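First comes the structure, then the notes that go with it.
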Amino acid sequence: MSGDLEGRRVVITGANTGVGRATAEALAGEGARVVLACRSAARGAAALESIGERAELVLLDLASLASVREAAARIAVEPVDVLIDNAAVAGARGETEDGFELAFGVNHLGHFALTRALMPALTPDARVVHLGSGSHEGVRSLDLDALRRPTGSRLGLGEYATSKLCVMLFHLELSRRFEGTGRRSVAADPGDVASEAYRNVPCVLRQLWTWRMKTPTEGARPSRFCATSPDAVNGGLYDAEGPRAPSALAQDPELARELWRRSEAWVDAVIGRRRAS
Ligand SMILES: NC(=O)c1ccc[n+]([C@@H]2O[C@H](COP(=O)([O-])OP(=O)(O)OC[C@H]3O[C@@H](n4cnc5c(N)ncnc54)[C@H](OP(=O)(O)O)[C@@H]3O)[C@@H](O)[C@H]2O)c1
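Numbering of the sequence shown is given in our numbering, commencing with residue 370 and proceeding in unit increments.
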C-alpha cells in the first residue's frame, strides 16, 4: 500500500490522544478512513467528533483478550489496509485481566492477539505498523516466564522497556512471515514526545521533563511514513531521521520465534478457557 490514501481503511489503537490521535488526524486529512480503536468511550468520542466523518470508533481494551477478540470481530467486517499498533501504557504496574504483567500484556500481547485476529482481513498489500521505543535497547535479556507475573519495580520503566523489546521481536517475526507476500511489517520510533505517556509524572516535574520534547504531530511523522511511504520496507525500523537498527537482542530470530510461539499459546489458552466456562 503506498501513495494515495483516498478511501483506504486504517486502524489505529490508542487513537484518542498523543501520537495515535495525531496520526489519525494526519491520515484522515489525506483521505483515509480511520478506525479509532480506543479503550474509553468518552475519550474516543471526543477524537471521533474532532476528526469527523472519515472516522469510526471501536472500543478496545488491550488489557483484556476478550475485548481484543470482540473489537477484532467488529473491525474485520471490512478489509484493513493499515493496522497501526500504537497504544501503550508506560510507567504503570500491575496485571492485565488475564494475568499478564501489565506493560507486556497491553503493549505486546494485546497487539499480538489483535494483529493475529485481523490477519484474514488484511488486504494483499497491507501494512502493520508497530510503535517502537529506544528504551528497548537497554534490555539485556528476556525472561519469558517472568511475563506471566506482576513485577516488583517501583516505576514500571523496566517493564515498559521489556514490552517494547517484545514489540520489536514481534515485528521481526511478522516481517519474516510477510516475506514474499506483498504485506509489510514496519516499525516507527516517534522519539521523545510530550504526550500523555507522562501523565503519571507529577505536574511541575512533567513540565520540566517534557518542555523540549516533540509535539504529538511531530511524533506522528515516523508512523505516517511507515504507514504510507513506498520507501518503508518490510522489516524496517524508522525514526524521524530515517532507518535505524534495533538492538542486537531485538534482531535475534530464535528469540522472536519463541516469543511468537509462547504468545500464540498464551492467547489460545485464555480464549479456550473462556469458551469452556
Ligand atoms: N511519548 C514518548 O516519548 C514515546 C517515546 C517512544 C515511543 N512511544 C510510543 O508511542 C506510542 C504512543 O504513545 P503516546 O506518547 O502517544 O502515549 P499516550 O499519549 O499515553 O497515549 C497512549 C494511548 O494508548 C491508550 N491505551 C493505554 N492502555 C490501553 C489499553 N489497555 N487498551 C487500549 N488502549 C490503551 C491510551 O488510552 P487512554 O487515553 O484511554 O489511556 C492512549 O490512547 C506508544 O506505543 C508509546 O510506547 C512514545
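Glycine included, C-beta positions come from ideal geometry on N, C-alpha and C.
These figures come from a predicted structure and were not determined experimentally.
Exposed unless 16 or more other CB atoms sit within 10 angstroms - verdict on residue i
i, result
"Arg496", "buried"
"Cys572", "exposed"
"Thr584", "exposed"
"Pro599", "exposed"
"Glu550", "The sequence shown places Thr at residue 550, not Glu. Classification of Thr550: exposed, given that the 10 Å Cβ count is below 16."
"Arg642", "exposed"
"Gly389", "buried"
"Asp454", "buried"
"Glu548", "exposed"
"Pro559", "buried"
"Glu542", "buried"
"Leu516", "buried"
"Gly376", "exposed"
"Pro612", "exposed"
For residue j and residue i, believed in contact at Cβ under 8 Å, the rounded distance
i, j, result
"Arg552", "Asp494", "7 Å"
"Arg462", "Gly525", "4 Å"
"Leu417", "Ala424", "5 Å"
"Asn603", "Ser532", "With 8 Å as the limit, Asn603 and Ser532 do not qualify as a contact, their Cβ atoms being about 23 Å apart."
Beta-carbon spacing of residue i, residue j below 9 Å
i, j, result
"Ala566", "Ala459", "yes"
"Arg402", "Leu428", "no"
"Val536", "Gly501", "yes"
"Gly605", "Ala530", "no"
"His499", "Leu431", "no"
"Leu426", "Ser632", "no"
"Leu511", "Leu628", "yes"
"Gly400", "Asp373", "yes"
"Ala625", "Arg545", "yes"
Alpha-carbon to alpha-carbon, residue j and residue i
i, j, result
"Gly507", "Glu422", "42 Å"
"Leu483", "Ala445", "10 Å"
"Ala619", "His505", "8 Å"
"Ser554", "Asn385", "23 Å"
"Phe473", "Gly383", "16 Å"
"Ala563", "Phe469", "28 Å"
"Glu447", "Ala406", "15 Å"
"Ala391", "Leu538", "26 Å"
"Ser419", "Val379", "17 Å"
"Arg509", "Leu534", "10 Å"
"Gly733", "Glu464", "Look at the range of the chain in this structure, 370 to 646, and you will see that residue 733 is not part of it."
"Gly387", "Ala645", "39 Å"
"Glu610", "Thr579", "20 Å"
"Phe594", "Asp514", "35 Å"
"Met488", "Asp561", "31 Å"
"Ala442", "Leu491", "13 Å"
"Trp635", "Asp467", "10 Å"
"Arg438", "Ala614", "33 Å"
"Pro622", "Val639", "26 Å"
"Arg518", "Ser616", "25 Å"
"Ala415", "Thr597", "26 Å"
"Arg630", "Leu577", "42 Å"
"Ala456", "Gly398", "21 Å"
"Ala471", "Arg523", "In the sequence as displayed, the identity of residue 471 is Leu instead of Ala. Their Cα atoms are separated by approximately 14 Å."
"Val659", "Arg485", "Nothing about residue 659 can be read from this structure; the chain reaches only from 370 to 646."
"Tyr688", "Thr586", "As displayed, the chain neither begins before 370 nor continues past 646, which places residue 688 out of reach and without an answer."
"Asp637", "His540", "20 Å"
"Ala440", "Ile381", "12 Å"
"Glu394", "Val449", "18 Å"
"Gly503", "Gly527", "12 Å"
"Arg590", "Arg575", "23 Å"
"Ser592", "Ser436", "25 Å"
"Gly588", "Val570", "20 Å"
Residue i at chain B interface by Cβ criterion, 9 Å
i, result
"Gly611", "Any reference to chain B falls outside this structure, which holds one protein chain only."
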